[in-house]
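In full-length UniProt numbering, the protein residues as written are 1 to 512.
Ideal placement from N, C-alpha and C gives every residue a C-beta, glycine not left out.
Just so it is clear, the structure is predicted and the values come from calculations on it, not from any experiment.
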């Protein structure tokens with residue numbers, strides 16, 4: 001029986017001559033209850049003027065039996081009990097047993113123990129009504145209830161995670177299905193949310209999931225990729241405190257409403273992809289935002305158009321490119337670092353320095369002291385490597401550019417014999433033979449040391465003696481056999497036009 005009902009019964013008893021049964025019918029209580037209050041009025045000697053101004057708690061104590069704290073019982077330290085109850089798996093029963101074990105005679109029973117604890121919590125667990133400014137905050141969270149979908153290729157059932165975003169002022173709600181709560185899906189959900197709002201609020205209030213907060217606490221460490229997204233869109237992130245759902249009440253309400261009006265309905269349907277779920281969500285989400293408020297005029301859509309939308313920041317030209325940061329690592333002597341089990345080159349000048357990698361879906365960026373020093377196309381080959389020539393030192397670059405075609409082109413410019421000798425190094429070997437490359441490099445060194453003219457003669461001499469090897473060419477050049485060959489080779493002079501030994505065609509035609 002409420003205090004207002006008690007006050008009405010007392011007013012009728014003092015100001016009317018109605019019977020107990022008549023008053024009981026008027027206020028819809030039992031006649032014995034009215035009879036008890038009439039008896040208490042006679043013993044209290046109070047009039048209606050005194051009862052009318054009497055506070056509710058005094059009135060309740062005067063006419064009702066109120067539970068009082070027994071002076072013989074030992075009252076627990078409720079602040080300490082409440083602190084212990086914040087720990088995981090802590091129960092009130094276990095704390096009561098410890099309390100009773102000290103002095104059983106002066107301890108309250110369990111029912112009284114829980115009653116007084118609830119009274120203590122009711123006075124400290126206060127909720128402050130927050131003021132939400134237009135375009136200021138969006139509260140984001142994942143719903144606990146998922147939506148199943150079946151992969152047609154494998155026939156396996158998966159659970160789509162539901163991402164919720166609620167604007168503070170209008171309570172305009174966004175929701176989408178994600179494959180997981182991992183970083184890439186979490187950031188992509190923000191891209192979709194901002195596109196749905198067609199603008200960006202000033203502050204994002206997320207929960208403490210790993211994709212948003214790397215290390216929670218008094219000074220939470222925000223995930224670097226998430227912080228990069230906020231900087232790109234020009235907003236700030238203020239994570240809610242750990243185990244403080246009242247820091248984001250609208251997110252909790254949004255999750256509840258979305259689960260009631262969208263998730264529960266879609267769980268009765270069968271889906272075969274996350275995209276198919278999102279198409280179904282779009283239809284029901286529009287209906288949710290058009291539902292009228294119970295205590296306010298209009299609906300979420302109307303309040304969004306009037307209040308939040310004009311205050312949102314404009315969207316960038318293109319959505320944020322999702323990236324994941326790889327922990328810093330020292331560049332080894334081969335000037336390659338591993339990113340997801342694939343090696344990428346960095347400029348050789350950074351050997352021994354620590355660098356970081358920023359990985360997008362299509363590219364790998366390598367940074368040193370927050371300065372980009374290399375960019376590669378992302379590769380999925382595990383154990384492979386990607387190297388840019390510009391990152392190699394000059395000697396490594398020259399060695400890497402070696403090829404059979406390059407050696408042949410160089411030799412032809414010197415002479416025909418040099419070309420034949422180079423081709424002989426690849427005879428019976430593959431075009432990328434390491435031993436052939438080594439031999440050709442040594443021949444290039446000999447040509448540079450002795451000059452192209454002597455090198456061509458040495459190659460001709462090696463071909464004539466049928467020893468087309470680097471060792472033979474080196475020996476010929478060291479022993480100057482190419483010079484002797486040049487001196488002893490006869491030079492044919494031009495034949496005279498008239499000579500007694502010359503016979504013409506008429507000589508042979510005469511049969512002589």
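Residue 408 and residue 384 have their C-alpha atoms spaced approximately 30 Å apart.
Shortest Cα-Cα distance from residue 296 to any of 233, 226, 170 involves 170.
In the same chain as residue 257, and ignoring 5 residues on each side of it, the C-beta atoms closer than 8 Å to its own belong to 173, 288, in chain order. For residue 167, the beta-bridge partners assigned by DSSP are 138. Beta-carbon to beta-carbon, residue 417 and residue 459 are separated by about 4 Å, close enough to satisfy the 8 Å threshold.
The alpha carbon of residue 363 has as its nearest neighbour, out of 375, 348, 281, 399, the alpha carbon of 375. Contact between residue 208 and residue 239 holds: CB atoms are separated by about 6 Å, below the 8 Å threshold.
Taking all protein chains shown into account, residue 1 has fewer than 16 neighbouring C-beta atoms within 10 Å of its C-beta and is therefore exposed. Beta-bridge analysis with DSSP links residue 175 to 164.
When secondary structure is reduced to three states using DSSP, residue 212 falls in the coil class, being assigned neither helix nor strand. Going by beta carbons, residue 150 and residue 160 fall outside the 8 Å limit.
Per DSSP, the beta bridge partners of residue 236 are 203.
Note that the segment 5-19 does not touch the segment 74-88; fewer than 3 beta-carbon pairs, one per stretch, sit closer than 8 Å. Residue 401 and residue 437 do not touch by the CB rule: their CB atoms are close to 11 Å apart, not below 8 Å. The continuous stretches of alpha helix (DSSP H) do not include residue 46, and DSSP gives it neither H nor E. Using a Cβ distance threshold of 8 Å, residue 242 and residue 216 count as a contacting pair.
For residue 159, the three-state secondary structure derived from DSSP is strand. Here residue 119 carries a helix assignment [DSSP, helix/strand/coil]. Counting C-beta pairs closer than 8 Å gives three or more between the segment 384-394 and the segment 343-351, which meets the contact rule. Separation of residue 275 and residue 389 (C-alpha to C-alpha, rounded to the nearest whole angstrom) is 42 Å.
Taking C-beta atoms as the reference points, residue 355 and residue 337 count as a pair closer than 8 Å. With respect to residue 38, residue 13 sits close: the two C-beta atoms are nearer than 8 Å. The beta carbons of residue 250 and residue 142 sit no closer together than 8 Å. With respect to the 8 Å criterion, residue 200 and residue 226 are not classified as neighbours on the basis of their beta carbons. Inter-segment contact for the segment 417-431 and the segment 454-472 is present: three or more beta-carbon pairs are separated by less than 8 Å.
Close CB contacts of residue 425 within its chain, under the 6 Å cut and outside five residues either way in sequence, are with 436, 439, 440 (chain order). Taking 8 Å as the cut-off, the beta carbon of residue 175 is found no closer than this to the beta carbon of residue 194.
Apart from sequence neighbours up to five positions away, no residue of its chain approaches residue 283 with a beta-carbon distance below 7 Å. Under the three-state reduction of DSSP, residue 328 is assigned to strand.
DSSP places residue 79 in the helix class (H, G or I) of the three-state scheme.
Of 303, 236, 357, 254, the smallest CA-CA separation from residue 313 is found for 236.
With a cutoff of 8 Å on beta-carbon distance, residue 84 and residue 102 are scored as not near each other.
A distance below 8 Å separates the beta carbons of residue 404 and residue 431. In this structure, residue 339 lies away from residue 323, with their beta-carbon atoms at least 8 Å apart.
With 16 or more other Cβ atoms inside 10 Å of its own Cβ, residue 308 counts as buried. For residue 299, the beta-bridge partners assigned by DSSP are 292.
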